[in-house]
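Novice:
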Amino acid sequence: MSNLLFSEAEWDFATLDRTFKAIEEIAVKDLKLDIYPNQIEVISSEQMLDAYSSLAMPLMYNHWSFGKLFAREEAMYRAGYSALAYEIVINSSPCISYLLEENTMTMQALVMAHAAFGHNHFFKNNYLFRQWTNAEGILDYLAFAKRYVAACEEKYGREDVEAVLDSAHALMDQGVFRYRRPPRPSRERTLEKLRARVQYEEESYNELWRTLPVGIEPPAAPPTVDPEDHYSGDMKLPEENILYFLEKHSPSLKAWQRETLRIVRNLAQYFYPQKQTKVMNEGCASFVHHAIMNILYDRGMINEGSLLEFMHSHTSVVFQPEFDDKRYYGINPYALGFGMMTDIKRIAMEPTAEDREWFPAFAGNGDWVGTLKDAWANYRDESFIEQFLSPKLMRDFRFFSLFDKADESAYRVSAIHDETGYRRIRQLLARQYDVSLNEPNIQVKSADLKGNRRLILEHKMHRGIPLDGKTREVVLAHVERLWGHDVGLSETDAG
Amino acid sequence: MTHFIDRRLNPKGKSLGNRQRFLRRARTQIREAVQKSLKDTSVADIDKDRKIRISTKGTKEPRFRLDPRAGGEHDFVLPGNKQFTPGDEIKKPPSGEGGGRGKEAADFAEGDDEFEFTMTQDEVLDIFFEDLELPNLVRTTLKDTPNKVWKRAGITTSGSPTQINLIRTMRNAQGRRMALHRPKLKDIEALQAELDGLEREPVADREKIAALKEQIAKLHSKRKWVGFIDPVDVRFNSYTEQPVPTSQAVMFCLMDVSGSMGEREKDLAKRFYMLLHLFLKRRYKRVDIVFIRHTHDAQEVDEQEFFYSRQSGGTIVSTALDKMLEIQKERYATTDWNIYAAQASDGYTQSGDARRCVEMLNNDIMPLCQYYAYIEILDEREMEVFASEESGAELWRAYRTVADGWSNFATKRISKPADIFPVFRELFKKTEAA
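Given below as structure tokens:
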């Protein structure tokens, strides 16, 4: 009796289920992964495009930019420029993975290992996701957002809602808390809010609703406007989260507009951890699928044909073109992440003298599973590279760094993959993945609420790099729309 | 623990709302692009989806971005070193490509200034026909108007069971039950239990038992006459039929299929009518279209025959006008109908017939018509010869005199497929006066 889970390229739900169980056993017993419950959905290519265009979320409020994204993706796909992703996975509990119906059975196995276990484990365990995103609540929140935006469109007109969303989207990158959580209202404030709400309910109490049969709820009270949200004396400046600041302190926004800003801001915050962990997230998923597929083969559960098909797809996913290659579009996060994690396993199991010198903490400790799980849980791309990139991997990638000064006509090679360059390269590469250094650092500097109501933003330049002039003016116009009065922006060198 | 869900049968087009929002947003750019793209296509291709290339103006999504080219300094790491050692200098590429691309690509910058996507036939036609209309359309009498809509007309006490308004009915029933104090089954059951208890006791309190029995019987009978639901509670939604003022219109399509019209000319004429047909079908649900083709003799034909059958013979244009008048008298009274006509011909007719046509138009037809469009189909050499409006074949010159007398008479010339769209738009452009 053969162990084979499947031997045909065609899949059906029974085979999917059987394979999923086999993968799950390996994931939990051998790799000791800790996952959210899985929900796996099979979708068609058109639905995949749909999912793409709503920021890969199963539901989303309506906005023209998603329609644009869809049109673009569809045109690219139809023209054959881009293949569809094999899967999409959502950081939610249960963790939803989408499988494309056109995948072969081998691909479905690969994709389940990749998404339903690799990404799933990362979402559940990485400290950024644990701290900043609420996997249980995101789908409900999106449902609320969709309903809320639709209701606003109905009530205030599509154009007005669109205008607020346009402006909010323009500030999405400046709509996250990078270092601290949003200030929680004090107990007193919470009580005060509650009282205001009760008072509102009393005032709007309607005798009519009393006679309704049980089970029919009177229309919900609109969200009460917190009187302290306006003209608050203490704005706690400087403020890095511009969307938050506008939501709380803009003198010209109405309650629904503030709520809309809040929705966009919450989304931005939800996606922020994914931005900071591209390499680790994809690396983790690729490492896990690679490990699982190999174990499946070792145990005779998939045949050589499947293994070859898997290897073919795996190598093209983790392929890193060199900088002078036509196909080069930056460092491939799959390649770097998978490379580093495989390297960590090697260092834990068969370290060289060099590894022992560089990684005394875990070289040769024999526990690659534990070491990797610790890395997945407690690092983000920047710190992960700073901590774990080994000289061997730098040699494998043949990394080198260029120094670029705007007014010089040539780049200077500042370090290469040699004894004197390792530390420098590692540090520079880590910084390259530090989102806060690569996005402009713009803060609210001052807001004159009593006088001319001018709002001053400040861009603290990192190493003297200014803002792009074209987009700067357009985005400022959006800030002005939300603030309702004059907005200025100064650029200062933070050194 | 794991759920597999087959979503493939779920409704498609989830992002349709977003698409419509996007099309509305990029309206100006899309309109320009559609006009441009339609200019060089044949009508046969009009019912195909087409690629549209628009500029991203109006649909940009700006974000604050850093511009390392404008100032400052930075380092970046690249893979694949072959010959460099520290201190080497590499000339920067002149602009855009190369060197620092790695970082920029990762930034997912706003794309090119142009953006290509596919629009469906419906979307293209909607935009193409957007600001076109039948000129001078007026509302004719309401008499016999076949267009009626059902409108809500409140709540009534009688009606058909399918129109029952459950909420109103149940609300009335509840109110009545409360007002008349319908005994609750729960209360009766409680009394019954008490009675059962009493009966089981060794020493029966006969008086109390009798009283209870009487009370229960009373409640039961009251429940009977205060029913849970009563005919007086029942309400029905009521609808009444209301006539809708409509503008009825008929379009007469007159086409010359005589021997002098070559295959090319017939093809051009047919394409024009196809477009007209499409336009009317999309924009005016209640427009009758009458197809008349003529050689030396005119016939009313159906759509299929009009567009697809072949016929040949001599040319007497006035026969078509006769036919049109005959049909109009028979079926389309001017009091009820807006009358339109489009005529396509190569401009040749039996000698002397042109004068008869002009007479008929001036005396009989133009007084009836809201709008009359004459399209003359020329070959390209003729187009050059007849460059000026004044010169032309017999019919053209004759019709020019009609045009002078009637402002709702239009004449246009077509010599190649690319002319059809602009001419069509010109003929049916929305006018302020209308």
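First to last, the sequence lines map onto chains A and B. Letter by letter, the first sequence follows residues 0 to 494 in numbering that gives the first Met the number 0. Letter by letter, the second sequence follows residues 0 to 433 in numbering that gives the first Met the number 0. The beta-carbon is built from N, C-alpha and C at its ideal position, and this holds for glycine as well. Model, not experiment: these values are computed from the prediction.
Under the three-state reduction of DSSP, which class applies to isoleucine 419/B: helix, strand or coil?
Specialist: It is helical.
Novice: Measuring straight from C-alpha to C-alpha, what distance separates glutamate 246/A and asparagine 265/A?
Specialist: So the two alpha carbons sit approximately 12 Å from each other.
Novice: If the cut-off is 8 Å on Cβ atoms, which residues from the stretch 172-188 of chain B count as contacting chain A, listed in chain order?
Specialist: So the close ones are Gln173.
Novice: Verify whether the separation of the beta carbon atoms of phenylalanine 75/B and serine 382/A is less than 8 Å.
Specialist: Not closer than 8 Å, so no.
Novice: Does arginine 480/A get closer than 8 Å to chain B when you measure Cβ to Cβ?
Specialist: Chain B, which has no Cβ nearer than 8 Å to the Cβ of arginine 480/A, makes this no.
Novice: When you compare only the Cα positions, how much space is there between aspartate 33/A and isoleucine 22/A?
Specialist: So the two alpha carbons sit approximately 14 Å from each other.
Novice: Shortest alpha-carbon distance to lysine 449/A belongs to which of Tyr269/A, Ser64/A, His484/A?
Specialist: The candidate whose alpha carbon is nearest that of lysine 449/A is His484/A.
Novice: Between the C-alpha atoms of aspartate 5/B and valine 316/A, what's the straight-line distance to the nearest angstrom?
Specialist: The alpha-carbon atoms of aspartate 5/B and valine 316/A are separated by roughly 27 Å.
Novice: DSSP three-state call for methionine 260/B: helix, strand or coil?
Specialist: Correct three-state label for methionine 260/B: coil.
Novice: Any contact between the stretch 155-173 of chain B and the stretch 217-237 of chain B? By contact I mean 3 or more CB pairs, one from each, below 8 Å.
Specialist: Flag = yes, the stretch 155-173 of chain B and the stretch 217-237 of chain B touch.
Novice: Would the stretch 244-263 of chain B count as touching the stretch 328-338 of chain B if we require 3 or more Cβ pairs under 8 Å?
Specialist: Yes, they touch.
Novice: Given this structure, state the Cα-to-Cα distance separating tyrosine 370/B from valine 422/B, to the nearest angstrom.
Specialist: About 15 Å.
Novice: Could you compute how far the alpha carbon of tyrosine 327/A sits from the alpha carbon of lysine 391/A?
Specialist: If you take the alpha carbons of tyrosine 327/A and lysine 391/A, they lie about 22 Å apart.
Novice: For valine 110/A versus asparagine 102/A, is the C-beta distance shorter than 8 Å?
Specialist: Yes, these two residues count as a Cβ contact at 8 Å.
Novice: Under the DSSP definition of a beta bridge, which residues are partnered with tryptophan 63/A?
Specialist: Answer is none; tryptophan 63/A lacks a bridge partner.
Novice: Verify the CB distance criterion: does leucine 466/A have a CB-CB separation below 8 Å to chain B?
Specialist: True, the Cβ-Cβ gap to chain B drops below 8 Å.
Novice: Exposed or buried, proline 217/A, counting other C-beta atoms within 10 Å across all chains shown (16 or more means buried)?
Specialist: Any answer about proline 217/A is weak, because its pLDDT of 43 lies below 50 and its placement is not dependable; what the coordinates show is given next. Exposed: under 16 other Cβ atoms inside 10 Å.
Novice: Give me the subset of the stretch 67-91 of chain B whose CB atoms are less than 8 Å from a CB atom of chain D, sorted by chain position.
Specialist: Among the protein chains in the structure shown, which are A and B, there is no chain D.
Novice: Tell me, please, whether the CB atom of glutamate 206/B is closer than 8 Å to any CB atom in chain A?
Specialist: Judged by the 8 Å Cβ criterion, glutamate 206/B is not in contact with chain A.
Novice: Any Cβ of chain B within less than 8 Å of the Cβ of serine 96/A?
Specialist: Not an interface residue.
Novice: Determine, using beta carbons only, whether arginine 177/A comes closer than 8 Å to chain B.
Specialist: Chain B, which has no Cβ nearer than 8 Å to the Cβ of arginine 177/A, makes this no.
Novice: Could you tell me whether any Cβ in chain B is nearer than 8 Å to the Cβ of histidine 120/A?
Specialist: Judged by the 8 Å Cβ criterion, histidine 120/A is not in contact with chain B.
Novice: Could you please tell me which residues of the stretch 297-322 of chain A, in chain order, have their CB closer than 9 Å to any CB of chain B?
Specialist: Answer in chain order: Gln319, Pro320, Glu321, Phe322.
Novice: Considering Cα atoms alone, identify which of Gly468/A, Ala284/A, Tyr243/A, Glu321/A is closest to alanine 112/A.
Specialist: Checked all of Gly468/A, Ala284/A, Tyr243/A, Glu321/A; the closest Cα to alanine 112/A is Ala284/A.
Novice: Measure the alpha-carbon distance for asparagine 80/B versus aspartate 342/A and round it to whole angstroms.
Specialist: Taking the straight line joining both Cα atoms gives about 20 Å.
Novice: Should leucine 30/A be flagged as near chain B, meaning a C-beta pair shorter than 8 Å?
Specialist: Not one chain B Cβ lies under 8 Å of leucine 30/A.
Novice: Quick check on the DSSP output: what are the complete alpha helix (DSSP H) runs of length 4 or more inside the stretch 243-305 of chain A, in order along the chain?
Specialist: The qualifying runs are 254-275, 277-297.
Novice: Please confirm whether serine 14/B has its beta-carbon closer than 8 Å to some beta-carbon of chain A.
Specialist: Yes - at least one Cβ of chain A is within 8 Å of the one on serine 14/B.
Novice: Exposed or buried, which one is proline 134/B when buried takes at least 16 other CB atoms within 10 Å?
Specialist: Result: buried.
Novice: Whose C-alpha, out of Asn240/A, Ile262/A, Gly66/A, is nearest the C-alpha of lysine 444/A?
Specialist: Among Asn240/A, Ile262/A, Gly66/A, the Cα nearest to that of lysine 444/A belongs to Asn240/A.
Novice: Spell out whether any CB of chain B is found under 8 Å from the CB atom of glycine 336/A.
Specialist: It does not: the Cβ of glycine 336/A has no partner Cβ on chain B nearer than 8 Å.
Novice: If you follow the alpha helix (DSSP H) that cysteine 356/B is in, where does it begin and where does it stop?
Specialist: Start and end: 352-359.
Novice: Let me confirm a value: methionine 260/B is counted as buried when at least 16 other C-beta atoms fall within 10 Å, else exposed. Which label applies?
Specialist: So methionine 260/B counts as buried.
Novice: Can you say whether arginine 177/A is buried or exposed, counting buried as having 16 or more other CB atoms within 10 angstroms of its CB?
Specialist: By the 10 Å Cβ count, arginine 177/A comes out exposed.
Novice: Candidates Met59/A, Leu58/A, Asp49/A: which alpha carbon is nearest arginine 71/A's?
Specialist: Closest by alpha carbon: Asp49/A.
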